[in-house]
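Each residue of the sequence shown is one higher than the last, beginning at 1442 in the numbering used here.
A virtual CB, placed ideally from N, CA and C, is assigned to each residue, including glycine.
Every value quoted in this text rests on a predicted model; they were computed, and no experiment measured them.
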Amino acid sequence: MGAKAPKKREDKMIKTIQELKQVNKSYFTPENKRFFNDINYKVLTGGKSKTRFLIQHTYQFSDMFGGVKKAVFVVKPITTEGKILPTVETLKELNQVKQYIKGV
């Protein structure tokens, strides 16, 4: 029997939110979700770059100090290994997120 060929680097690229959660268990704890006031998460792929992005639908700290609770979508690039990079964009609506992702 022959040995299996090593997996290509692209095969290891994070493609789903489940895969991202597996490599970032401490990031996606129920405690963090509650503390940061996150609503939900998605992984989307850039239209031009094919880079994966974590989309966090979150209230962040908008209601802190008596402010009005406002949800936003935070866009963060993801490395092929699953490292979540700093925010590159914060948008108010999902359709804005989709337009942004299509262009990057």
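Cα-Cα, which of Gln1459, Asn1536 and Lys1511 is closest to Ile1480? That would be Lys1511, whose Cα lies nearest to the Cα of Ile1480.
Per-residue DSSP class, three states only, for Gln1459: In the displayed model, Gln1459 falls within a helix according to three-state DSSP.
Ignore the nearest five residues each way along the sequence and tell me which others in Val1509's own chain have a CB closer than 8 Å to its CB. Around Val1509: Ser1503.
Cβ-Cβ distance between Tyr1541 and Glu1534 below 8 Å: Cβ atoms of Tyr1541 and Glu1534: not closer than 8 Å.
First and last residue of the uninterrupted alpha helix (DSSP H) at Gln1501: For Gln1501, there is no enclosing alpha helix (DSSP H), as DSSP marks it with neither H nor E.
To the nearest angstrom, how far is it from the Cα of Pro1518 to the Cα of Gly1507? Looking at the two C-alpha atoms, the distance is approximately 31 Å.
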